[in-house]
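The structure appears below as structure tokens.
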Ligand code: SF4
Ligand code: SF4
Ligand SMILES: [Mg+2]
Ligand SMILES: [Mg+2]
Ligand SMILES: [Mg+2]
Ligand SMILES: [Mg+2]
Ligand SMILES: [Mg+2]
Ligand SMILES: [Mg+2]
Ligand SMILES: [Mg+2]
Ligand SMILES: [Mg+2]
Ligand SMILES: [Mg+2]
Ligand SMILES: [Mg+2]
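Chains as they are written, first to last, in the UniProt record's numbering: chain H, 1 to 341; chain E, 1 to 341; chain Z, 1 to 382; chain A, 1 to 382; chain V, 1 to 77; chain D, 1 to 77.
Have a look at this one:
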């Protein structure tokens, strides 16, 4: 039996048609890369033992373009993004499922790279990919590949994090520089036409999150500021908790090249996506402990306390500008389009 | 605040951009339809309590075109398909996650119908949709909407089903007529150009599967013959179990209009997809009990014993033709294209 | 299904099988060529072989339209599909056929070419009307069955004045191919592939009638039975051939009388004659260049001829040297004689055209009869 | 970032604020119009308002290119984008602006129109070169800053002989708009909107120089300070205006000397003059028809003029009657005066153009200053 | 060669078209190659066109011949 | 109006182009509207074109005036 080459072939419709081509792809690519005793490629479901308790579950679809960008690719993103959403729930992520929707014509070499990157990211995060699915759609009905991952993990005893938990007086922490992922991706996207040395911050935050919870067990909630950036997360929290949030522009960790790129594009780094950062709302009494724990972790060395929660019937997020004034930090409206005027 | 109309609006990029449009869509559409105490739209993960034991997890991406077809739509398909994969693992499905990848321009009315259909299917199957995700891709980079669902459930005490379990002497059962889903979808697809009264068999099989396990506790394995049809499932089982399988054409339940449509298109119903049927491999001693249990269930009235497992070093699937000969039933090769010659 | 199930009744099959067992002369072989892939398909799909006496040997002929298309023509179609602005459409089976360098229309599509599957020439016309900015080329293949629908489409395109519709014509003629086989050196000179009788085409004969076969029966002294494609049709026709052979007759008989008349479909033949004219010679896969064996568009339809609109140069075809298709297509080998069969070459990874269509002999062997293939190979080696 | 961070230093801001507090006459108001949306944006984004003395009132002018484009012109662009075979491209901010019946280019795109965002006119040229089968229209908007890049693109298109590239020209002229405002009945007759001085354009002035403003200072006896767009530029310019007002001067001063010269950019001006000529009259949102206030393509570039290539009829614009944009754009109202502000009209659901761009007064109020908006409304009601 | 099916005319349509039925699956086909058709007759359908008609008497005759054969075998066994 | 940024020329390229840098973000822009440029100078960049130059002496003078103001305030407090 001859096989499509993973060096110079492309994905064809038959790779999703339920026949031997699909079985081959699953065995020789997915099972080979993710392989563990639960993922054999022979079953339509994985069976794993789970201790009694609370389980955190999260799912995300990943649709990034381009598929490969400085510091990562859609594969590492799909693993880390879901690991992070599980970890933000106060849980230790244990397993992932993945579903691939592949556009006919995707080079098999690209798919291999993506799958290898997922396997590496899963290993690094300490999670297993236990089951998956592959669909192929006609050329022009997809965009290379979309990956949906679903993750689950066991929630820590006694921990109960929620966007509704923020209380006046709490501190707002971010675990590092803002906007790196979004700028890295935009910089590698055709039409944006700028270059930086910025790489995506794409990383699994379960270790960092655990360190925060160890150091600050009363932590109210954690969030990864992905789409919509810090502004979106803070507005969601303010609304869910019925509070106001005030941040200080000067305290925000932002790399100069991110600031520069945003300046060129007329974008605001507060709205730019991150993939390896977390926002924590922590009672004032434990804020310093949480900060120290973050800074002691390799993914949190640039961590900072950037603001605090207050009372506000309007649930506004506001910012003390570095310039000395105050302004609102509203939800993003529509898409963030480069500003020319 | 004004909202996009669900009657005459379309999905725009901003519905996936992390801002208010997205928050609105999630609250007013998804949370409103799926709403339960776990799905508030405010968290990036759901937390549910899970008893100790074995958990079955399955994920599938759904990419059907057209989105609406006789007997179902992509929404009910996405719920039932994953419920079924969990149930085929011998588990009682309890919860689903869903991830939407929506093409810019999809009418919001269509999305509403799909979401309502998912909610109805989930209710019917007795599962909750506990968390989800929404992404919007540019026009021409998707196909209306893709939905990935992930499901989990608790595996029955003492039950351990696997594609590796089939043994010579076991009987092969199918729970009803073959090919209904595939013919219904093809018939509503542009370019196929035929009509039938066939509707998709799309249904949740957890009840039926439970009935089979109750009646035939030694059942070796169950599978839903979706992509690639009965032929694909039997070949997978033969290969995983290292056995041969022999079926009798005469015993296969196939509706006349399905046979007619396949005749016109030059397709073989053995390779056509089902979405509400299961194949069970059952020891001979319990086969009749399993059959009776199926026939007693509303989704199994056309159930039949269609063949048996044998020894075969080649792991072939063969068929006694109704005409009186024998032939192989091989894997599907590539896609099943209508045959003109 | 009336006229379908009736001709698949197992009881009749058993009766026919018993009759054949009774009537065959055990001291000789009956080497019968089924010209059509439709017969090949029926024989394997319904397990007809299991019901035949062991000394009746079926030899598969070249009657599979996708199998006999030479690689050069397919390469031209693939190159055309890859052109900017061109949408190439054709029937489903054609998409998977491998051309040179493992290319196929399906691969070209995966790599970005605009290739569409159509179920009817009317779909091709509609595609052209719906996409005025694109050059829509219908890649026309097939025998006398698919030729009239192409003729209809060309007349419609002419009537509508479509400026963006052309046909890449590869229609071929059955009688020419049969003559060629009967004149082939293997047939004439080598005992190994001597053919004792022919199952004549079913649906081709619906169009051209039974009369064109009279010539073969007379000229080559071979019995011909025009046979339907249902399994009972095939078995009854085999019995009719056995009887002719036993009786030393070489006549044209018509088993498929419910659809085939001596004269065929006059309207269809007239339409074809209006639109097409014979090529002096055309290459067939397996048969080489066969004189007056294919159609091209008449000058009146020059504007709709892809070969005239586009600069289409036949490249150097890269045939897979180890592929035995050419021999198989003229009945000089069976699939299991090929070293690649079932190993490098499978329906999933076809290396030759015979492994693609359900009517190709290799695909039929692989899909429906792999187990029996091994003994068959030994038989052949005997 | 050199020349960026330097002009955002909070320490200097405090010094400027203290200086203003010292120098303002507490017995009067200083009603200063910032002509440019760039100033509006800086004032809100950096919280400049918090640092100004309470009797310095900023009035937002019409200097936001997407805000002043009349709905008729936008409707024409949307209709053009919806045409088969047309690809319409423009700068990002334009995509969200609502035209008649809540349409926008973004909505048209979601519904299937081929609308692209470009970051430069060179991207538009490239789009045309890469898509020879499509008619690529660059929807050109903006003041004297965006006009020279459009001129460059037209010369490139001419040199390359592009047959599928056109420009839908909506470039407008700043001085004409300022004149119009100063001549407006509200300004002339009603005390409520009397303007005491102007912050003059920053980047427009880089191109046209400071000299064109001399006329206003003389003719209308209003002080003008050409001001950079960084927050310290704005504050320093406001201080300069306060001083002129206190001293009874009405001069053109240039705060933005690091980039603006009296004559401006001669090369850019020449290029614009070569490609464009004045329209007799052009409609501005909020200002109505303003004579000699916009450009159109010269006859030499007729082949690249979308208005000549396509049959573009201005439809009946359906302005939202309740939207106060027209008044806001000429300084006769502030966003919070509008009944729709923050209720039906938000940046997510803009009903008027002022709610779209970050430089639109309503968007700036909503995004950066909503809390302060309520008191501001009361102030206005006093 | 060439996949074709015998299908019953269920409706005669304008423009040389007819709706045909096979076991409950319906399709619209062109009848331009066979001339006028009537409801109830059987056509041989190939790539969307009727290529010919099924002659019911001949079909009957063929089946009768087969039945005769069967009866013969039956008698012999 | 119109978003523009002051950016340093890091490389002069053929065809009236230059690479500019702002805080580590680089971009290629057209210099056709400003004529020849040299490495190290600052351009005012708008929609992919340099619209003008930053005069370093004038910038210095403006900042010096601000500093003077600041010193004055400092002295007063
Ligand atoms: S098995 Fe494959 S390679 Fe061999 S003759 Fe058949 S088609 Fe050709
Ligand atoms: S708030 Fe909206 S409706 Fe009111 S003036 Fe501003 S843009 Fe127009
Ligand atoms: Mg998630
Ligand atoms: Mg996430
Ligand atoms: Mg699956
Ligand atoms: Mg998250
Ligand atoms: Mg699954
Ligand atoms: Mg499934
Ligand atoms: Mg999500
Ligand atoms: Mg399954
Ligand atoms: Mg092409
Ligand atoms: Mg268009």
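Even glycine gets a Cβ: it sits at the ideal position worked out from N, Cα and C. As the structure is a computational prediction, the values presented were derived from the model and not from experiment.
Item, Value
"Taking 6 Å as the limit between beta carbons, can you name the residues of its chain near residue 60 (chain Z), skipping five residues before and five after?", "40, 361"
"Could you tell me how far apart the beta carbons of residue 166 (chain E) and residue 233 (chain E) are, in whole angstroms, since I believe they sit closer than 8 Å?", "No, residue 166 (chain E) and residue 233 (chain E) are not in contact; Cβ-Cβ is about 11 Å, not under 8 Å."
"Indicate whether the contact test is met: 3 or more Cβ pairs, each with one atom in the stretch 269 to 276 of chain A and one in the stretch 296 to 314 of chain A, closer than 8 Å.", "yes"
"Identify each residue in the stretch 103 to 117 of chain Z for which the Cβ-Cβ distance to at least one residue of chain H is less than 8 Å, and report them in chain order.", "106, 107, 109, 110, 111, 112"
"State the DSSP-derived secondary structure class of residue 46 (chain Z), mapped to helix, strand or coil.", "coil"
"Using a C-beta cutoff of 8 Å, does residue 15 (chain V) count as contacting chain Z?", "no"
"Taking the CB atoms as reference points, tell me whether residue 59 (chain E) and residue 150 (chain H) lie closer together than 8 Å.", "yes"
"On the three-state DSSP scale, how would you describe residue 318 (chain H)?", "strand"
"If you measure from the beta carbon of residue 6 (chain D) to each beta carbon in chain A, is any gap under 8 Å?", "yes"
"Anyone know if the C-beta pair for residue 311 (chain E) and residue 246 (chain E) falls short of 8 Å?", "no"
"Going by beta-carbon coordinates alone, are residue 385 (chain A) and residue 11 (chain E) separated by less than 8 Å?", "Shown here, chain A extends from 1 to 382; a query on residue 385 (chain A) therefore has no answer."
"Under 8 Å, with one C-beta from each stretch per pair, do the stretch 130 to 149 of chain H and the stretch 88 to 99 of chain H reach the 3-pair mark?", "yes"
"Can you find a C-beta in chain V that's less than 8 Å from the C-beta of residue 3 (chain Z)?", "yes"
"For residue 298 (chain E) and residue 36 (chain E), what's the separation of their Cα atoms in angstroms?", "28 Å"
"I think residue 221 (chain H) touches residue 237 (chain H), with their Cβ atoms under 8 Å apart; what is that distance to the nearest whole Å?", "7 Å"
"For residue 19 (chain A), which three-state DSSP category applies?", "helix"
"With 9 Å as the C-beta to C-beta threshold (strictly closer), list the residues of the UniProt domain \"PurM-like C-terminal\" (167 to 318) of chain H near chain D in chain order.", "183, 187, 193, 194, 195, 196, 197, 198, 255, 256, 257, 258, 259, 260, 261, 262, 263, 264, 265, 266"
"On the three-pair Cβ rule with 8 Å, is the stretch 66 to 74 of chain Z touching the stretch 192 to 209 of chain Z?", "no"
"Less than 8 Å between the C-beta atoms of residue 48 (chain V) and residue 120 (chain Z), yes or no?", "yes"
"Let me know the secondary structure DSSP gives residue 164 (chain Z) once reduced to three states.", "coil"
"To the nearest angstrom, how far is it from the Cα of residue 178 (chain E) to the Cα of residue 64 (chain E)?", "19 Å"
"Along chain A, which residues have their Cβ under 7 Å away from the Cβ of residue 54 (chain D)?", "3, 258, 259"
"With a threshold of 8 Å between beta-carbons, can residue 348 (chain A) be considered close to chain E, or not?", "yes"
"Less than 7 Å separating the Cβ of residue 223 (chain H) from some heavy atom of ligand 6?", "yes"
"Is it the case that the CB of residue 134 (chain E) approaches a heavy atom of ligand 6 more closely than 7 Å?", "no"
"Following a CB-centred definition, is residue 60 (chain E) positioned closer than 7 Å to any heavy atom of ligand 5?", "yes"
"Confirm the yes/no value for this check: CB of residue 201 (chain E), any heavy atom of ligand 8, distance under 7 Å.", "no"
"To the nearest angstrom, how far is it from the Cα of residue 137 (chain A) to the Cα of residue 127 (chain A)?", "10 Å"
"Can you check whether the CB of residue 270 (chain Z) is closer than 8 Å to the CB of residue 172 (chain Z)?", "no"
"Exposed or buried, what is residue 160 (chain Z) when buried is set at 16 or more other beta-carbons lying within 10 Å of its beta-carbon?", "exposed"
"Listed in chain order, which residues of the stretch 90 to 111 of chain H have Cβ atoms closer than 7 Å to some Cβ of chain Z?", "104, 105"
"Assign residue 1 (chain E) to one of three DSSP states: helix, strand, or coil.", "With a pLDDT of 39 at residue 1 (chain E), under the threshold of 50, the modelled position of that residue is not reliable, and the figure given next carries that caveat. In the structure shown, residue 1 (chain E) sits in coil (DSSP, three-state: anything other than H, G, I, E or B)."
"Distance check for residue 334 (chain A) and residue 38 (chain D), CA to CA, integer angstroms please.", "45 Å"
"Counting only C-beta atoms, is residue 67 (chain D) closer than 8 Å to chain H at any point?", "no"
"Around the Cβ of residue 289 (chain A), are there at least 16 other Cβ atoms within 10 angstroms (buried) or fewer (exposed)?", "exposed"
"When you compare only the Cα positions, how much space is there between residue 190 (chain Z) and residue 30 (chain Z)?", "A caution first: residue 190 (chain Z) carries a pLDDT of 46, below 50, which makes its placement in the model unreliable, though a value can still be read off. When rounded, the distance between both Cα atoms is 16 Å."
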